[in-house]
Amino acid sequence: MGKIITLSGPSGVGKTTLFYLIETKLKQEKIKLIPRYTNRPIRKGEQEGFEYHFVTHDGLLQKVLENDFIHFEKWGDYYSAIEKNILDETIKSDYDGIVLASIFGTNRLQATYHDKIVPIYMWSGRYQSLHNRECLSPFCEEIIELKSRIRKKLVDDGFSEFEKETLANEEFLEKRMIDNYLDIAAVYGKLMSGDKYYILENLHKKESDTANNFLEYINELRKR
Numbered sequence: 001m002g003k004i005i006t007l008s009g010p011s012g013v014g015k016t017t018l019f020y021l022i023e024t025k026l027k028q029e030k031i032k033l034i035p036r037y038t039n040r041p042i043r044k045g046e047q048e049g050f051e052y053h054f055v056t057h058d059g060l061l062q063k064v065l066e067n068d069f070i071h072f073e074k075w076g077d078y079y080s081a082i083e084k085n086i087l088d089e090t091i092k093s094d095y096d097g098i099v100l101a102s103i104f105g106t107n108r109l110q111a112t113y114h115d116k117i118v119p120i121y122m123w124s125g126r127y128q129s130l131h132n133r134e135c136l137s138p139f140c141e142e143i144i145e146l147k148s149r150i151r152k153k154l155v156d157d158g159f160s161e162f163e164k165e166t167l168a169n170e171e172f173l174e175k176r177m178i179d180n181y182l183d184i185a186a187v188y189g190k191l192m193s194g195d196k197y198y199i200l201e202n203l204h205k206k207e208s209d210t211a212n213n214f215l216e217y218i219n220e221l222r223k224r
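Residue numbering for the sequence shown is 1 to 224, as defined by the UniProt record's numbering.
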């Protein structure tokens, strides 16, 4: 029986970069990357079917009408959704799956699949900082680092023109942070309530270490 690994974390923390770093290793380890559906325009360098299935708003609505999704939510101006059938197939299989999900999406999957869900939260600093309410302060190191990564992504043209065409860089940044603060607050609340989350530290320019730590954790889970 397979398990579903949910990878959560604020926008800009490095989740997509992690997927590209470990793509080959995931196939070797029989871990399937489960793409979500989104009506967001595709960004430069993105591949259809890798991290997302890109559909129109009407296409997304049609799948909602057909009750295909176990969870969907709005992030910024666009929606993302997780298809139920592929989760069911993965759990019945001999391989594991990994899907991007917010804290709220992870909650929804845990309510349905219970211990078949393995939650991981990627963070821009040390895990201890998420146990402090100051993790939401705009002046804490982790938030400053997170904003720096979003700014870099803007400079590197990592967002679509549709996402940023009407906004100056700082306005765009603050808009991204609205959802980020909510997600960070949610994981803080979870940790303070005693919920078990593996915090995947993605420190400044330590992406390779992050990838190795992720794979080590997955291998440890499989030995239990």
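Using N, Cα and C, we set each Cβ at its ideal position, and we do this for glycine too.
Boundaries of the beta strand (DSSP E) in which residue i is found, first to last residue
i, result
"residue 56", "No beta strand (DSSP E) holds residue 56; DSSP gives it neither H nor E."
"residue 74", "69-75"
"residue 242", "A question about residue 242 goes unanswered here, because the residues of the chain that appear run from 1 up to 224."
CB of residue i within 8 Å of CB of residue j, strictly
i, j, result
"residue 99", "residue 149", "no"
"residue 105", "residue 82", "yes"
"residue 200", "residue 118", "no"
"residue 16", "residue 51", "yes"
"residue 147", "residue 182", "no"
"residue 69", "residue 84", "yes"
Neighbourhood of residue i by C-beta, 7 Å cutoff - its chain only, sequence neighbours within 5 removed
i, result
"residue 185", "136"
"residue 60", "37, 39, 79 and 81"
"residue 22", "211, 214 and 215"
Rounded distance between the beta-carbons of residue j and residue i, thought under 8 Å
i, j, result
"residue 202", "residue 122", "5 Å"
"residue 145", "residue 204", "6 Å"
Host alpha helix (DSSP H) of residue i (start-end)
i, result
"residue 88", "84-92"
"residue 209", "207-223"
"residue 37", "First-last for residue 37: 36-38, but that is the beta strand (DSSP E), not the alpha helix (DSSP H)."
Distance between residue j and residue i (C-alpha atoms, nearest Å)
i, j, result
"residue 57", "residue 224", "42 Å"
"residue 210", "residue 170", "28 Å"
"residue 190", "residue 47", "33 Å"
"residue 159", "residue 45", "10 Å"
"residue 76", "residue 179", "7 Å"
"residue 2", "residue 87", "9 Å"
Own chain, CB closer than 6 Å to residue i, minus 5 neighbours either side, in chain order
i, result
"residue 97", "4, 32, 34 and 90"
"residue 176", "11 and 150"
"residue 73", "none"
Residues near residue i by beta carbon distance below 8 Å, same chain, minus five either side
i, result
"residue 13", "122, 123, 124, 146, 149 and 202"
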